[in-house]
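A.B. asks: Under UniProt numbering, the first residue of the sequence shown carries the number 1, and numbering increases by one thereafter. The structure that follows is given in the form of structure tokens.
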Amino acid sequence: RYRSSINDKIVELKDLVVGTEAKLNKSAILRKAIEYIRYLQQSNQKLKQENLSLRMAVQKSKSLKDLVASCSSGGAKAETPMEVVKAEVMEMPT
1 RYRSSINDKI VELKDLVVGT EAKLNKSAIL RKAIEYIRYL QQSNQKLKQE NLSLRMAVQK
61 SKSLKDLVAS CSSGGAKAET PMEVVKAEVM EMPT
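Printed below as a string of structure tokens:
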């Protein structure tokens, strides 16, 4: 009963990772599952990094919009000329 349950789960894992038609032994199934989990972890890490970069770009964009609004509403200070705003726009990643 216990062995049957383990074997059923290994077959289920094989079906998920490599497909129902594949003929692999238990060791190969586990190896493929490990490879796939590592791939998912790396993809997840890349997506987290991209998400962080995008959040930072949005925050920088909001700060820049606030600065431009401040300058155009007459609230510009002598130390924040439009050249500074233009320079920040040029530095923004595309």
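Backbone N, C-alpha and C fix where the C-beta goes; we use that ideal spot for every residue, glycine too.
Between residue 30 and residue 6, is the Cβ-Cβ spacing less than 9 Å?
C.D. replies: No, these two residues do not count as a Cβ contact at 9 Å.
A.B. asks: Note down the Cα distance separating residue 1 from residue 32, rounded to an integer number of angstroms.
C.D. replies: Distance between the alpha carbons of residue 1 and residue 32: 26 Å.
A.B. asks: When we look at the beta-carbon of residue 8 and count the other beta-carbons within 10 Å, is it buried (16 or more) or exposed?
C.D. replies: Exposed is the call here.
A.B. asks: Going by DSSP in three states, residue 11 sits in which element: helix, strand or coil?
C.D. replies: If DSSP states are grouped into helix, strand and coil, residue 11 belongs with the helices.
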